[in-house]
Amino acid sequence: MILVTGGAGFIGSNFVLDWCAQNNEAVINLDKLTYAGNLENLATLKDNPRHIFTHGDIGDTPLVSKLLAEHRPRAIVNFAAESHVDRSIHGPEDFIQTNIVSTFHLLEAVRAYWLALDAAEKSAFRFLHVSTDEVYGSLAKNDPAFSETHRYEPNSPYSASKAASDHLVRAYHHTYGLPVLTTNCSNNYGPYHFPEKLIPLMIVNALAGKPLPVYGDGQQIRDWLYVKDHCSAIRCVLAKGKLGEVYNIGGWNEKANLDIVHTVCGLLDELQPRPNGKSYREQIIFVTDRPGHDRRYAIDARKIERELGWKPVETFETGIRKTIQWYLHNQQWVRHVQSGDYRKWVEKNYAERV
Ligand code: NAD
Ligand code: TYD
Numbered sequence: 122m123i124l125v126t127g128g129a130g131f132i133g134s135n136f137v138l139d140w141c142a143q144n145n146e147a148v149i150n151l152d153k154l155t156y157a158g159n160l161e162n163l164a165t166l167k168d169n170p171r172h173i174f175t176h177g178d179i180g181d182t183p184l185v186s187k188l189l190a191e192h193r194p195r196a197i198v199n200f201a202a203e204s205h206v207d208r209s210i211h212g213p214e215d216f217i218q219t220n221i222v223s224t225f226h227l228l229e230a231v232r233a234y235w236l237a238l239d240a241a242e243k244s245a246f247r248f249l250h251v252s253t254d255e256v257y258g259s260l261a262k263n264d265p266a267f268s269e270t271h272r273y274e275p276n277s278p279y280s281a282s283k284a285a286s287d288h289l290v291r292a293y294h295h296t297y298g299l300p301v302l303t304t305n306c307s308n309n310y311g312p313y314h315f316p317e318k319l320i321p322l323m324i325v326n327a328l329a330g331k332p333l334p335v336y337g338d339g340q341q342i343r344d345w346l347y348v349k350d351h352c353s354a355i356r357c358v359l360a361k362g363k364l365g366e367v368y369n370i371g372g373w374n375e376k377a378n379l380d381i382v383h384t385v386c387g388l389l390d391e392l393q394p395r396p397n398g399k400s401y402r403e404q405i406i407f408v409t410d411r412p413g414h415d416r417r418y419a420i421d422a423r424k425i426e427r428e429l430g431w432k433p434v435e436t437f438e439t440g441i442r443k444t445i446q447w448y449l450h451n452q453q454w455v456r457h458v459q460s461g462d463y464r465k466w467v468e469k470n471y472a473e474r475v
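Under my numbering, think of the first position of the sequence shown as 122, with each following residue one higher.
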């Protein structure tokens, strides 16, 4: 079996669902259930004995050591993290705690477990650390996309904390020989995406008749990857990745934020027209920019394609249509998410913007 951390979050839950649908190997899912962790994402696995959920923190060494000793996973995929840049600006401490300190404790528990394995298990074992393109910093308009050797230049507390965790993972390979793999992926979108991030927030606000808040001039560029493609890339790296290597994962879909919002509005106009017949575009407003806002991210994903044969299946056009259809068909999920902490967060984040 494998151990997945953060498997009740956006990408982790998509990964666990796909994993259980595609093979017979069991998954232990360790998640702290922060505001971003939602067991409703895993509702279809309720009666599946191959999914074992454990509520807990990756930094809780006795708990992690017990789980490892009991279940003896052959691999760990580490998704657990605080992941929202705006939250890291308002309150960096949780990011330092989970992304750095708890990741360190996880690595220590895993190292002790790995050292005690027999030779065959030891060489087959993998620790896959899921990271982000944001560790590489911000690109100018005509700069080449981030390759795996681009220097680390993180600009937000979120990206700095993820960079620190990447360095720890690297060090555990070089110093202790822990068999690690690291992936750095661009912005994901798709089902179960918490509506604090750009795409789900725009869908949910548009349908609720609320403003669509674009930061600054809306010309910041991100590369977008459909979440199921990210999950397939992780499975591919887990199966075929070379120990100690880093793989950049991206969708070859560089888009300006404002274009993303226009695309979302255009699709909603087609799939769920407003009662007054006007476009959702009328709801777009421009608000104060994010401090230290990175201007452009772009991923050079040629290494994973060349060495491991992975490529995304979805284009942005197919993926965004599927995503919007998912939100239209899962309004109850949206309502449940909105009834919790999320509301308080939205008030805090937008109250200070003009
Ligand atoms: P998310 O915020 O939706 O989910 C994170 C999950 O981790 C939640 O279920 C949360 O409860 C859990 N968690 C948080 N702290 C924990 C702790 N200390 N112990 C155990 N569980 C804990 O995040 P996501 O968007 O699914 O991202 C998953 C991973 O992928 C993160 O490491 C993130 O940095 C990385 N990543 C995300 C994106 C993206 O676009 N969302 C892109 C590239 C990389
Ligand atoms: P986000 O989804 O928070 O991801 P990240 O900051 O990790 O790239 O934001 C994506 C882009 O959208 C980013 O440039 C910030 C911008 N943005 C807005 O313009 N308005 C919003 O309300 C949000 C949440 C994000």
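Glycine included, each C-beta is placed from N, C-alpha and C at the ideal position. The structure displayed is predicted, hence computed values, not measured ones.
Task: Below-7 Å beta-carbon distance, V325 vs any chain C residue - done: No chain C appears in the structure shown, which is made up of a single protein chain.
- [ ] Please state whether DSSP places K376 in a helix, a strand or coil.
- [x] strand
- [ ] May I ask you to check if the CB of N145 is nearer than 6 Å to at least one heavy atom of the ligand TYD?
- [x] no
Task: Simplified DSSP assignment, three categories, for P312 - done: coil
Task: Alpha-carbon to alpha-carbon, L388 and R464 - done: A caution first: R464 carries a pLDDT of 45, below 50, which makes its placement in the model unreliable, though a value can still be read off. Going by the C-alpha atoms only, they are around 26 Å apart.
Task: Burial state of R343, where buried means 16 or more other Cβ atoms lie within 10 Å - done: buried
Open item on the list: Taking the alpha-carbon of H294 as reference, which of R232, L238 and S277 has the nearest alpha-carbon?
Closed with: R232
Open item on the list: Closer than 6 Å to a non-hydrogen atom of the ligand TYD - does that hold for the CB of Y347?
Closed with: no
- [ ] Locate the alpha helix (DSSP H) running through W140, then write down its first and last residues.
- [x] F131 to Q143
- [ ] Quick one: give me the first and last residue of the beta strand (DSSP E) that F175 is part of.
- [x] A small fix is needed here, since residue 175 is Thr in this sequence, not Phe. From DSSP, the beta strand (DSSP E) with T175 extends over H172 to H176.
- [ ] Give the C-beta separation of R442 and K262 to the nearest angstrom, bearing in mind that I take them to be a contact with Cβ-Cβ under 8 Å.
- [x] Actually they do not touch by this definition, with Cβ atoms about 28 Å apart.
- [ ] Can you tell me which of the three DSSP states P183 falls into?
- [x] helix
Open item on the list: Measuring straight from C-alpha to C-alpha, what distance separates V304 and I132?
Closed with: First, the residue type needs correcting, since residue 304 is Thr and not Val in the sequence shown. Taking the Cα positions, T304 is about 13 Å away from I132.
Task: DSSP state of Y463 mapped onto helix, strand, coil - done: Reliability fails at Y463, whose pLDDT of 44 lies under 50, so the model's placement of it is uncertain and no value is given.
- [ ] Below 8 Å on the Cβ atoms is my guess for Y279 versus E255; work out the distance and round it to an integer in Å.
- [x] 7 Å
- [ ] List the whole-angstrom C-beta distance separating A96 from E375, where the pair is believed to meet the contact cut-off of C-beta under 8 Å.
- [x] A question about residue 96 goes unanswered here, because the residues of the chain that appear run from 122 up to 475.
Open item on the list: What I want to know is whether the C-beta of N159 ends up closer than 6 Å to one or more non-hydrogen atoms of the ligand TYD.
Closed with: no
- [ ] Identify every run of the beta strand (DSSP E) within the stretch 246 to 283, keeping only runs that are complete inside it and at least 3 residues long; order them along the chain.
- [x] 247 to 253
Task: Any non-hydrogen atom of the ligand NAD closer than 6 Å to V251 Cβ - done: yes
Open item on the list: Is F131 near the ligand NAD - that is, is its Cβ less than 6 Å away from at least one heavy atom of it?
Closed with: yes
- [ ] Could you check if R208 is buried or exposed, using at least 16 other CB atoms within 10 Å of its CB as the buried criterion?
- [x] buried
TODO: Could you give the DSSP three-state label for T224: helix, strand or coil?
DONE: helix
- [ ] Can you have a look at Y297 and say buried or exposed, based on whether 16 or more other CB atoms are within 10 angstroms of its CB?
- [x] exposed
Open item on the list: Looking at the secondary structure, which residues open and close the alpha helix (DSSP H) in which F437 lies?
Closed with: F437 to H450
TODO: Output the boundary residues of the alpha helix (DSSP H) element that contains L359.
DONE: V348 to K361
Open item on the list: Suppose you measure from the CA of H226 to the CA of A327; what does that come to, to the nearest Å?
Closed with: 42 Å
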